[in-house]
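*Asks:* Heads up, the sequence shown is in the numbering used here, so the first residue is 398 and it goes up one at a time. This is the structure, below, for whatever I ask next.
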Amino acid sequence: MKFTWASATHVGLVRSGNEDSIRPTADGSVDHPVVIAVADGMGGAVAGEIASRIAIEAAVADDADAAITPGDRVRAGNDAVVGAVAEDYTLSGMGTTLTLGLFLPEGVLKVAHIGDSRLYRLRNEELDQLTNDHTLVAELIAMGQITTEQAEIHPRRHLVTRVIGTDPINVDEFEVSLEAGDRLLFCSDGLTSMLRDPDVAEILGATPSPSEAAWSLVEAANAAGGTDNTTVAVVDVSP
Ligand code: MN
398 MKFTWASATH VGLVRSGNED SIRPTADGSV DHPVVIAVAD GMGGAVAGEI
448 ASRIAIEAAV ADDADAAITP GDRVRAGNDA VVGAVAEDYT LSGMGTTLTL
498 GLFLPEGVLK VAHIGDSRLY RLRNEELDQL TNDHTLVAEL IAMGQITTEQ
548 AEIHPRRHLV TRVIGTDPIN VDEFEVSLEA GDRLLFCSDG LTSMLRDPDV
598 AEILGATPSP SEAAWSLVEA ANAAGGTDNT TVAVVDVSP
């Protein structure tokens with residue numbers, strides 16, 4: 398199988414800095430293993446930008462080596478952030494989400510994930526969220542205490558319960574099979590706090606090229622308010 402991807406990131410209309418990071422930054426197409434990752438940093442001053450950058454850099458290092466599992470990559474990202482804080486206490490409290498996928502040409506996607514960035518799969522016009530959000534509201538929904546609609550306006554809806562930058566971390570790891578025609582979307586919450594899933598599905602389904610799809614999603618998030626940084630990667634699977 399072959400993988401063709403494009404990424405896009407934008408500061409949005411409200412924030413002064415972009416604390417998200419994405420890899421790869423350049424669009425591309427390969428028929429060998431490839432690692433795609435998104436991170437959304439948090440912390441005072443510029444600490445959020447530092448956290449997402451160093452975590453993702455450590456996580457995608459040696460990205461040609463398919464033997465390094467996504468889980469080990471995410472843990473390497475965590476070690477990098479924890480190590481940076483140990484060396485510079487002005488960075489203490491910084492953290493980041495990290496959602497990372499290793500695409501294998503035999504048709505398998507291995508995923509490691511922590512936080513509230515998301516991975517979706519569009520297959521036959523149906524959009525499925527493959528990752529679980531590690532947020533307070535997701536936990537409350539799972540316990541049946543609030544509805545999805547109530548979560549959208551919950552005052553603590555941005556509270557992330559599991560992040561990179563803590564020790565130890567609890568990483569979700571899973572794999573999914575890929576089919577030709579699948580389209581995968583990695584995104585920070587700047588996208589999903591502005592757009593509902595049906596709107597995301599419509600844009601993904603209406604735009605043939607990954608690059609056009611990625612930038613259309615960013616533009617739609619900004620048109621809906623752009624209250625956060627928005628970062629996406631769109632990956633198409635072809636035979
Ligand atoms: Mn965000």
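Cβ coordinates follow ideal geometry from the N, Cα and C atoms, glycine included. Since the structure is predicted, the reported quantities are computational estimates derived from the model, not experimental observations.
At the level of alpha carbons, what is the spacing between E446 and I419?
*Replies:* Reading the sequence shown from its first residue, position 49 is the one you call residue 446. Reading the sequence shown from its first residue, position 22 is the one you call residue 419. Near 12 Å, if we compare the C-alpha coordinates of I419 and E446.
*Asks:* Would D524 and V597 qualify as a contact pair, given that the criterion is a beta-carbon distance under 9 Å?
*Replies:* As a working note, residue 524 is residue 127 in the sequence shown. As a working note, residue 597 is residue 200 in the sequence shown. Looking at the sequence itself, residue 524 is Leu, so the reference to Asp does not match. Yes. Within cutoff.
*Asks:* Measuring CB to CB, does V631 end up less than 9 Å from E572?
*Replies:* Residue mapping note: residue 631 aligns to position 234 of the sequence shown, counting from 1. Residue mapping note: residue 572 aligns to position 175 of the sequence shown, counting from 1. Taking 9 Å as the Cβ cut-off, V631 and E572 do not qualify as a contacting pair.
*Asks:* Any heavy atom of the ligand MN within a distance shorter than 8 Å of the CB on E599?
*Replies:* For the purposes of this step, residue 599 is taken as residue 202 along the sequence shown, with counting starting at 1. No; taking the cut-off as 8 Å, the Cβ of E599 has no heavy atom of the ligand MN nearer than that.
*Asks:* Please give me, in chain order, every unbroken run of the beta strand (DSSP E) with length at least 3 that falls completely inside the region 563-635.
*Replies:* Segments of the beta strand (DSSP E) lying fully in the region 563-635: 569-574, 580-584, 627-635.
*Asks:* Between which two residues does the beta strand (DSSP E) holding D525 run?
*Replies:* Position 128 of the sequence shown, counted from the first residue, corresponds to residue 525. It spans 523-526 - the beta strand (DSSP E) in which D525 sits, taken as one unbroken run.
*Asks:* Quick one: any contact between the region 431-444 and the region 399-414, if contact means 3 or more CB pairs under 8 Å?
*Replies:* Counting Cβ pairs under 8 Å, three or more are found: they touch.
*Asks:* Tell me whether G468 counts as near the ligand MN, meaning its Cβ is closer than 8 Å to at least one heavy atom of that ligand.
*Replies:* Start at 1 with the first residue of the sequence shown, and residue 468 comes out as number 71. It does not: the Cβ of G468 is nowhere closer than 8 Å to a heavy atom of the ligand MN.
*Asks:* Given this structure, state the Cα-to-Cα distance separating F500 from R559, to the nearest angstrom.
*Replies:* Taking the sequence shown and counting its residues from 1, one reaches residue 500 at position 103. Taking the sequence shown and counting its residues from 1, one reaches residue 559 at position 162. Near 24 Å, if we compare the C-alpha coordinates of R559 and F500.
*Asks:* Return the bridge partner residues of M439 from the DSSP annotation.
*Replies:* Position 42 of the sequence shown, counted from the first residue, corresponds to residue 439. M439 pairs with G492.
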